[in-house]
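**Student:** Just passing along the structure, written as structure tokens.
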Amino acid sequence: MSEKKFIPFFVLGFISLSFQIFLLREMMVVFSGNEVSLGIILSLWMIGVFCGSVLGVNFKKFTSLAIFLGILLPLDLIAVRILKTFFQKTPTQALGISTLFLYSFLVTFFICFLIGAWFVSAYKFFSFEEKSVPLAGKSYAFEAMGGISGGIITSFFLIKGNTFRAVFFLSFVIFFCLLFFFKKIRQKVFTIAGIVLLAFLFLKSEKINNFLLSFQWKPFELIESKNSIYANISVVKMGEDFNFYENGSLFFSTSFSQYSEEIVNFALLSHKNPKDILIIGGGLENPKQALKHPLKKIVFVALDPVLIETAKKYFKDKKIFSDRRLEIVYGDGRFFVKKTDKKFDVVIVDMPNPETALVNRFYTFEFFKEAKRVLKKDGVFEIALDLSENYMNEEIKFLCGSVFKTLKKVFANCQVVAGLRGYFLANLKEIDEELLTERLKERKVKLTYLTPYYIRYLLSKERVERVLRWIEEKKQVKINRDFSPVCYFYGILFWGSQFANKIPLFLIKLADLNVLWVFVFLGGFSGIFLFFLKKFKMKKIAVAGIVFATAFAGILAEILVIFSFQVLFGYLYYRIGLLMTLSMAGISAGSILSSRFSLKNRPKSLLKIFEFLFLFFLLLLPFLVKIKIAFIFPILTFLSGFFIGFVFPLGVCLYPETFKAESVSHLYGADVLGASFGSFLGSVFFIPVFGIELSCFLGAFFALFAVICALTL
Numbered sequence: 170m171s172e173k174k175f176i177p178f179f180v181l182g183f184i185s186l187s188f189q190i191f192l193l194r195e196m197m198v199v200f201s202g203n204e205v206s207l208g209i210i211l212s213l214w215m216i217g218v219f220c221g222s223v224l225g226v227n228f229k230k231f232t233s234l235a236i237f238l239g240i241l242l243p244l245d246l247i248a249v250r251i252l253k254t255f256f257q258k259t260p261t262q263a264l265g266i267s268t269l270f271l272y273s274f275l276v277t278f279f280i281c282f283l284i285g286a287w288f289v290s291a292y293k294f295f296s297f298e299e300k301s302v303p304l305a306g307k308s309y310a311f312e313a314m315g316g317i318s319g320g321i322i323t324s325f326f327l328i329k330g331n332t333f334r335a336v337f338f339l340s341f342v343i344f345f346c347l348l349f350f351f352k353k354i355r356q357k358v359f360t361i362a363g364i365v366l367l368a369f370l371f372l373k374s375e376k377i378n379n380f381l382l383s384f385q386w387k388p389f390e391l392i393e394s395k396n397s398i399y400a401n402i403s404v405v406k407m408g409e410d411f412n413f414y415e416n417g418s419l420f421f422s423t424s425f426s427q428y429s430e431e432i433v434n435f436a437l438l439s440h441k442n443p444k445d446i447l448i449i450g451g452g453l454e455n456p457k458q459a460l461k462h463p464l465k466k467i468v469f470v471a472l473d474p475v476l477i478e479t480a481k482k483y484f485k486d487k488k489i490f491s492d493r494r495l496e497i498v499y500g501d502g503r504f505f506v507k508k509t510d511k512k513f514d515v516v517i518v519d520m521p522n523p524e525t526a527l528v529n530r531f532y533t534f535e536f537f538k539e540a541k542r543v544l545k546k547d548g549v550f551e552i553a554l555d556l557s558e559n560y561m562n563e564e565i566k567f568l569c570g571s572v573f574k575t576l577k578k579v580f581a582n583c584q585v586v587a588g589l590r591g592y593f594l595a596n597l598k599e600i601d602e603e604l605l606t607e608r609l610k611e612r613k614v615k616l617t618y619l620t621p622y623y624i625r626y627l628l629s630k631e632r633v634e635r636v637l638r639w640i641e642e643k644k645q646v647k648i649n650r651d652f653s654p655v656c657y658f659y660g661i662l663f664w665g666s667q668f669a670n671k672i673p674l675f676l677i678k679l680a681d682l683n684v685l686w687v688f689v690f691l692g693g694f695s696g697i698f699l700f701f702l703k704k705f706k707m708k709k710i711a712v713a714g715i716v717f718a719t720a721f722a723g724i725l726a727e728i729l730v731i732f733s734f735q736v737l738f739g740y741l742y743y744r745i746g747l748l749m750t751l752s753m754a755g756i757s758a759g760s761i762l763s764s765r766f767s768l769k770n771r772p773k774s775l776l777k778i779f780e781f782l783f784l785f786f787l788l789l790l791p792f793l794v795k796i797k798i799a800f801i802f803p804i805l806t807f808l809s810g811f812f813i814g815f816v817f818p819l820g821v822c823l824y825p826e827t828f829k830a831e832s833v834s835h836l837y838g839a840d841v842l843g844a845s846f847g848s849f850l851g852s853v854f855f856i857p858v859f860g861i862e863l864s865c866f867l868g869a870f871f872a873l874f875a876v877i878c879a880l881t882l
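Have a look at this one:
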């Protein structure tokens with residue numbers, strides 16, 4: 170069999186993962202970087218691939234699908250930017266859940282349908298079904314290898330530049346691939362014409378990109394837009410001021426910031442004599458406010474250097490950058506706190522609400538302990554959440570209650586001030602309005618909003634007691650921990666409450682759900698399912714169930730490993746990209762190894778052995794992810810992918826009507842569908858509600874289900 174016939178599968182993997190990265194980046198801008206939106210988009214992506222794989226057997230030539238895909242890629246990117254203007258009254262308007270689903274469906278389904286259909290159609294086109302070896306596994310492996318290449322090249326090179334230029338390059342790759350498979354002169358001429366057109370559009374991509382970006386931000390004036398490895402950064406001019414957006418969400422502005430004045434000065438005035446301070450997150454206005462005080466050193470930790478360096482160009486008060494007291498450190502704030510030996514009088518953490526797993530790491534018991542370690546004896550720690558002294562809904566009460574309870578478990582004394590946000594001040598016995606006013610005068614700090622009168626208003630006894638009563642109302646809230654991130658769940662619910670009149674009470678109560686009931690439900694459902702499998706000898710469904718459950722548990726394991734790595738070692742972008750790439754490498758290696766030995770070594774027995782090994786791996790996983798040795802995590806992600814890749818060819822061997830395109834279609838669909846449910850439920854439900862350990866055991870349950878299905882064959 171010529172290796173040339175596997176090129177379409179390699180190209181498919183390359184295109185699929187690369188475009189997925191670009192599409193997610195674009196959609197992050199539309200939905201302001203919310204992690205729930207990522208889970209929904211990825212799930213709809215995989216469902217589209219599933220539909221395409223099931224119906225792919227009806228397409229005779231994968232080449233036709235490839236042509237449509239090559240044309241549709243840039244058109245889909247245009248649609249993402251144009252549709253935004255129809256769904257939003259202003260470019261900064263937040264979009265709700267229903268809009269999220271509809272928008273995501275429109276821009277993912279047709280692309281994903283073609284991707285899923287391509288795999289099955291190519292398998293049928295090359296007549297692999299007539300061969301005596303399970304070449305479906307090899308095709309699956311080549312697709313994974315293409316994904317590895319696409320992920321590396323896109324994440325480390327293409328993502329930084331012009332998005333349209335990169336997508337035109339992807340279309341070019343598709344058309345260039347087709348030259349190897351068209352035999353007729355007319356087809357080759359058509360393909361070469363397409364390549365020439367793409368080359369022309371590639372050269373004009375900067376103008377196309379800028380025009381559509383400007384259209385996307387109307388009626389505001391877009392000054393600059395660029396991509397870093399972390400986010401899309403847009404600079405928008407409003408009057409004389411410049412606003413900086415990170416993934417469509419306002420990061421900070423050159424206009425005066427009342428919020429920065431509050432969060433920085435409340436913390437600094439609460440300390441009797443601050444000299445060394447640490448600021449994590451927020452914009453350049455935060456260190457500017459701090460420099461008004463007679464400090465010795467300010468360490469400002471920012472994740473994205475491109476964002477800060479871009480902001481410097483437009484920042485009005487440029488003299489702060491030459492102030493020797495200010496040190497800007499680029500990197501993950503939590504990683505900095507974990508590794509630094511310095512001690513600080515004040516630590517200010519300016520983060521959004523913990524609506525993502527990444528941000529939640531700054532609201533946990535373990536982080537508060539790490540922050541306490543870098544504080545001097547009488548140091549003050551401050552963190553903020555969105556709350557109002559006038560009204561707090563149930564969702565924000567649960568969120569604030571959990572953060573406050575977690576904070577008090579580390580710091581004996583905690584205070585709350587409700588300003589533009591809620592400021593939680595820890596390691597502080599009391600916050601006295603007269604003392605703050607006196608220090609404000611002594612230090613001769615000129616503030617615009619935080620005047621003595623406003624301080625007196627914010628710290629009025631009635632106001633403080635009302636907010637504190639609401640925060641402490643939910644006695645049953647759990648402590649937020651690294652490996653049990655309940656505030657991540659509360660944060661998601663609070664985000665959702667902004668688009669719904671009322672979040673159903675049972676969703677809020679899920680955080681108190683006993684996981685035993687989940688196992689009872691899954692066990693009951695599985696028992697009924699297995700009974701029918703055995704009674705009616707539904708071998709097709711049994712094999713598809715094994716592939717589905719293995720993909721579900723494998724993707725869940727990968728998410729758990731990456732989440733644990735972030736907790737222990739910080740958000741190190743390149744290393745996390747490496748972990749994801751190693752998972753694809755594991756899928757490829759597992760598929761190739763399984764394809765070589767499946768027929769020679771009794772595939773049924775081999776399947777049972779490997780499902781048992783997979784079950785054992787998942788049972789050990791909750792203990793392995795807590796080991797603070799970095800090199801273990803690449804091994805774990807590789808193994809998570811390896812088991813997925815190994816099982817797929819075995820499933821093809823055992824499926825009735827082995828090697829037929831229909832068989833590959835069904836199993837490829839089951840694999841994609843399992844991955845879809847595993848990624849969405851794992852990131853949005855299992856980890857936030859049950860934590861890492863119990864989520865590992867839930868993954869093990871699906872592996873056990875696969876074992877039992879294998880025993881019925």
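Numbered per my numbering, the sequence shown spans residues 170 to 882. Ideal Cβ placement from N, Cα and C applies to all residues, glycine included. The structure presented is a predicted model; accordingly, all values stated were derived computationally and were not measured.
Grab the span of the beta strand (DSSP E) containing D245 for me, first residue to last.
**Tutor:** D245 -> not in any beta strand (DSSP E); alpha helix (DSSP H) instead, spanning F231 to F256.
**Student:** Under 6 Å Cβ to Cβ from L447, same chain only, skipping five residues before and after it: list those, please.
**Tutor:** V468, F513 and V516
**Student:** On a Cα-Cα basis, can you pick out the residue from P388, L464, F694 and S397 that is closest to G408?
**Tutor:** P388
**Student:** Inspect the CB distances between the region 333-353 and the region 223-243 and report whether three or more fall short of 8 Å.
**Tutor:** Taking a contact to require three or more Cβ pairs closer than 8 Å, the region 333-353 and the region 223-243 qualify as touching.
**Student:** Put L356 into one of helix, strand or coil per three-state DSSP.
**Tutor:** It is worth fixing the name first, because residue 356 is Gln in this sequence and not Leu. Note: Q356 maps to helix in three-state DSSP.
**Student:** Does the separation of the CB atoms of V585 and I640 fall below 8 Å?
**Tutor:** yes
**Student:** Between G851 and I724, is the Cβ-Cβ spacing less than 8 Å?
**Tutor:** Yes; because the gap between Cβ atoms is below 8 Å, this pair is in contact.
**Student:** Helix, strand or coil, according to DSSP, for F337 in the structure here?
**Tutor:** helix
**Student:** Tell me, please, which residues DSSP counts as bridged to R650.
**Tutor:** S653
**Student:** Looking only at its own chain, which residues have a Cβ that is under 6 Å from the Cβ of I884, when we skip the five neighbours before and after it?
**Tutor:** The requested residue 884 does not occur in the structure, where the chain is confined to residues 170 to 882.
**Student:** Quick one: is I477 buried, meaning 16 or more other Cβ sit within 10 Å of its Cβ, or exposed?
**Tutor:** buried
**Student:** Using alpha carbons as the reference points, say which of G502, F219, K797 and K598 lies closest to F846.
**Tutor:** Closest option to F846, Cα to Cα, is F219.
**Student:** Below 8 Å between beta carbons: does that hold for F337 and P243?
**Tutor:** yes
**Student:** Specify the secondary structure class of M314 as computed by DSSP and reduced to three states.
**Tutor:** helix
**Student:** Please classify G591: does DSSP put it in a helix, a strand, or coil?
**Tutor:** strand
**Student:** Given that a residue counts as buried once 16 or more other Cβ atoms are within 10 Å of its Cβ, and exposed if not, what is T533?
**Tutor:** buried
**Student:** Measuring CB to CB, does A875 end up less than 8 Å from E727?
**Tutor:** no
**Student:** Taking three-plus beta-carbon pairs below 8 Å as touching, is the region 470-488 in contact with the region 388-400?
**Tutor:** yes
**Student:** Between which two residues does the beta strand (DSSP E) containing K387 stretch?
**Tutor:** Taken as a continuous stretch (DSSP letters only), K387 belongs to no beta strand (DSSP E), as it is neither H nor E.
**Student:** Assuming S557 and Y659 form a contact by the criterion Cβ under 8 Å, report the distance between their Cβ atoms to the nearest whole angstrom.
**Tutor:** The Cβ separation is near 17 Å, so there is no contact.
**Student:** Return helix, strand or coil for K395, following the three-state DSSP convention.
**Tutor:** Secondary structure at K395: strand, using DSSP grouped into helix, strand and coil.
**Student:** Can you list, in chain order, the residues of its chain whose CB lies under 8 Å from that of S212, leaving out five sequence neighbours each side?
**Tutor:** S845, F846, S848 and F849
**Student:** Kindly list the residues whose CB is nearer than 7 Å to the CB of Q427, restricted to its own chain and excluding five residues on each side of it in sequence; keep chain order.
**Tutor:** L589 and Y618
**Student:** Closer than 6 Å by C-beta to K797: which residues in its own chain qualify, once you throw out the five before and the five after it? Chain order, please.
**Tutor:** Result list for K797: L737, in chain order.
**Student:** Mind checking whether A305 and V833 have CB atoms under 8 Å apart?
**Tutor:** Cβ distance < 8 Å, so A305 and V833 count as in contact.
**Student:** In angstroms, rounded to a whole number, what distance separates the CA positions of Y309 and D840?
**Tutor:** 11 Å
**Student:** Count the C-beta pairs between the region 640-653 and the region 523-539 that are closer than 8 Å, then say yes if the count reaches three, no if not.
**Tutor:** yes
**Student:** Going by DSSP, which residues form a beta bridge with Q584?
**Tutor:** L594
**Student:** Cβ atoms of S757 and A459: under 8 Å apart, would you say?
**Tutor:** Against a cut-off of 8 Å, the Cβ pair of S757 and A459 comes out as no contact.
**Student:** How should W686 be labelled, buried or exposed, when 16 other C-beta atoms within 10 angstroms of its C-beta is the threshold for buried?
**Tutor:** exposed
**Student:** Pick out whichever of S763, T277 and G221 has its Cα sitting closest to the Cα of G245.
**Tutor:** The sequence as given places Asp at residue 245; Gly does not occur at that position. Nearest of S763, T277 and G221 to D245, Cα basis: T277.
**Student:** Let's test the definition: count the other Cβ atoms within 10 Å of the Cβ of D519 and tell me whether it reaches 16, buried, or not, exposed.
**Tutor:** Classification of D519: buried, given that the 10 Å Cβ count is 16 or more.
**Student:** Taking Cβ to Cβ, would you say S763 is nearer than 8 Å to F721?
**Tutor:** no
**Student:** Could you name the residues that DSSP lists as bridge partners for Y740?
**Tutor:** None; Y740 has no bridge partner.
**Student:** Whose C-beta lies closer than 7 Å to the C-beta of V198 among residues of the same chain, with five residues either side of it excluded?
**Tutor:** N401, N416 and G417
**Student:** Determine contact between the region 431-449 and the region 592-604, defined as no fewer than three beta-carbon pairs at a distance below 8 Å.
**Tutor:** Three or more pairs of CB atoms, one per stretch, sit closer than 8 Å, so the region 431-449 contacts the region 592-604.
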